[in-house]
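If you count the sequence shown from 1, position 117 lands on 364 in the numbering used here, and the numbers rise without skipping.
Take a look at the structure below.
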Amino acid sequence: MTEAKAMMLVLQNPKSGRETAHRDWYLAHHLPDVCGVSGVLRGEFSRVAEGEESPRWSNAAAYWLDGDPAAILMEIFARAGSGDWTMSDTLDGESMMMAIAEALTERRRSTVTPDAGGKDRLLYIVLTNATPGDDDVFNHWYNHTHLPDVLAVPGFVAAQHFRLVDHPALRPYPYRYLAIYEVAAGEADAALAELAARAGTERMVLSPTLDRSGVAAAPFAVDGICLGSV
248 MTEAKAMMLV LQNPKSGRET AHRDWYLAHH LPDVCGVSGV LRGEFSRVAE GEESPRWSNA
308 AAYWLDGDPA AILMEIFARA GSGDWTMSDT LDGESMMMAI AEALTERRRS TVTPDAGGKD
368 RLLYIVLTNA TPGDDDVFNH WYNHTHLPDV LAVPGFVAAQ HFRLVDHPAL RPYPYRYLAI
428 YEVAAGEADA ALAELAARAG TERMVLSPTL DRSGVAAAPF AVDGICLGSV
């Protein structure tokens, strides 16, 4: 998979009763349109995995970027408003979280689980905050201890950690950090159960700099993929 320097994430819900229309529009029009913007390496549209109880978002669109995420975002907005793209009224804009982020690590591979790509893996999307004033310590722990601990869980394929970047065109974020974990689709249930079992034990020590009141995490199954123009 191509190395990304940045990320754009759109966590979203369709309007009530518009689920199928929203999915069809996103896969047929919006995903390929965004992937046609210079600097977009790859895009994936996903649905929350079955079994998730009361998910905050039912869909996620993830875009891996090469370049300045703010400049890419503004180009996307310009094209979306130009009339050249087919747009839709199926999105519930009030519940959407749209964010751009810069990479804090490279995409790191597991040493225990073979690589997987496309629809052969799920995206486990995790949003976090550090406790006030502890960002440097938090990131050192997350990048050098937590990512390796998670990638030691069988079924986890790869991971990358990002810092969210504020932008005046986007609503303020309730989170500051994003981790994208890739999990082998056929092993996802067992992998996530094992992750929960290890978290907080000596096999996966959690730092006190992790704000446990500010964590959102959910697995998403990939519905559609596009490769960018870069």
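Beta carbons are placed, not taken as given, at the ideal position from N, Cα and C, and that holds for glycine.
C-beta contact flag for residue i and residue j at 7 Å
i: S357; j: F403; result: yes
i: R459; j: M451; result: no
i: A431; j: A363; result: yes
i: S276; j: T337; result: According to the sequence shown, residue 276 is His rather than Ser. No. Outside cutoff.
i: K252; j: D313; result: yes
i: Q259; j: M343; result: yes
i: R289; j: L425; result: no
Residue from the options with nearest C-alpha to residue i
i: H391; options: L411, T267, F292, E353; result: E353
i: N376; options: R368, F385, L369, L370; result: F385
i: M334; options: E449, D280, L439; result: D280
i: K453; options: R410, V397, Y424; result: The amino acid at residue 453 is misidentified as Lys; the sequence shows Leu. Among R410, V397, Y424, the Cα nearest to that of L453 is on V397.
i: R410; options: V400, H387, E434; result: H387
Delimiting residues of the alpha helix (DSSP H) encompassing residue i
i: N386; result: 382 to 388
i: V287; result: Counting along the chain, V287 falls outside any alpha helix (DSSP H), though it belongs to the beta strand (DSSP E) covering 287 to 295.
i: W444; result: Before going on, a small fix: residue 444 reads as Ala here, not Trp. Unbroken alpha helix (DSSP H) run through A444: 435 to 445.
i: R326; result: 316 to 327
Cα-Cα separation, residue i to residue j
i: M321; j: A416; result: 9 Å
i: R355; j: S476; result: 24 Å
i: E266; j: E300; result: 18 Å
i: D413; j: T456; result: 21 Å
i: L370; j: A438; result: 12 Å
Test: residue i CB closer than 7 Å to a CB of chain B
i: M321; result: Absent here is chain B; the protein component of the structure consists of one chain.
6 Å CB neighbourhood of residue i in its chain, flanking five on each side removed
i: E291; result: A309, V469, I472
i: A463; result: L374
Start-to-end residues for the beta strand (DSSP E) that takes in residue i
i: T360; result: Element bounds for T360: n/a, residue is neither H nor E.
i: W311; result: 306 to 312
i: E349; result: 344 to 350
i: P466; result: 463 to 474
i: L338; result: No beta strand (DSSP E) holds L338; DSSP gives it neither H nor E.
Contacts around residue i, its chain only, beta-carbon distance under 8 Å, and the 5 residues preceding and following it disregarded
i: S305; result: Q259, N260, P261, E266, R294, V295
i: W272; result: T333, S335, T337
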